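A.B. asks: Take the sequence shown: its letter number 38 is residue 38 in UniProt numbering, and every next letter is one higher. We put the beta carbon where it would ideally sit given N, CA and C, even for glycine. Note that the structure is predicted; figures quoted are calculated from it, not measured. This is the structure I have questions about; it appears just below.
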Amino acid sequence: RPYRCPDCPKAFKNTSCLRRHRQLHTGERPHACPVCGKAFAQTSNLRQHQRVHTGERPYACPQCGKAFTHSSNLQLHRR
Numbered sequence: 001r002p003y004r005c006p007d008c009p010k011a012f013k014n015t016s017c018l019r020r021h022r023q024l025h026t027g028e029r030p031h032a033c034p035v036c037g038k039a040f041a042q043t044s045n046l047r048q049h050q051r052v053h054t055g056e057r058p059y060a061c062p063q064c065g066k067a068f069t070h071s072s073n074l075q076l077h078r079r
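If you want it as structure tokens, here you go:
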């Protein structure tokens, strides 16, 4: 892991992972929601957030059919 963070002891396998990690230290959030303006460091988090506005719930329980916006919520439900 040759790419070391100058702000903490962590190291990463490539520059993109390091760049994404550094956003934790800088507070940079370049991806803003066009509906409400909430900003995110990563596009994946913005896409996930946009489900709040669209009502999309792509993760459905195969047993009862209840649907969730996040896969982690489905996993918690299934326990």
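Going by CA-CA distance only, name the one from 22, 20, 3, 21 that's closest to residue 13.
C.D. replies: Counting from one through the sequence shown, the residue named residue 13 turns up at place 13. When only C-alpha atoms are compared, the closest one is 3.
A.B. asks: Between residue 78 and the rest of its own chain, which residues show a CB-CB distance below 8 Å, the 5 nearest in sequence each way excluded?
C.D. replies: One-based indexing of the sequence shown puts residue 78 at position 78. Within the same chain, residue 78 has close Cβ partners 61, 63.
A.B. asks: Could you tell me which whole alpha helix (DSSP H) segments of length 4 or greater appear in the segment 33-73?
C.D. replies: Entirely contained in the segment 33-73, the alpha helix (DSSP H) runs reaching 4 residues are, in chain order, 43-54.
A.B. asks: Ordered along the chain, which non-local residues of its own chain (more than five positions away) have a Cβ less than 6 Å from that of residue 71?
C.D. replies: The residue you call residue 71 lines up with position 71 of the sequence shown. Around residue 71: 59.
A.B. asks: From what residue to what residue does the alpha helix (DSSP H) around residue 29 run?
C.D. replies: For the purposes of this step, residue 29 is taken as residue 29 along the sequence shown, with counting starting at 1. Premise fails: residue 29 is in no alpha helix (DSSP H) and is neither H nor E.
A.B. asks: Taking the alpha-carbon positions, what's the residue 45 to residue 32 distance?
C.D. replies: Indexing the sequence shown from 1 puts residue 45 at position 45. Indexing the sequence shown from 1 puts residue 32 at position 32. When rounded, the distance between both Cα atoms is 10 Å.
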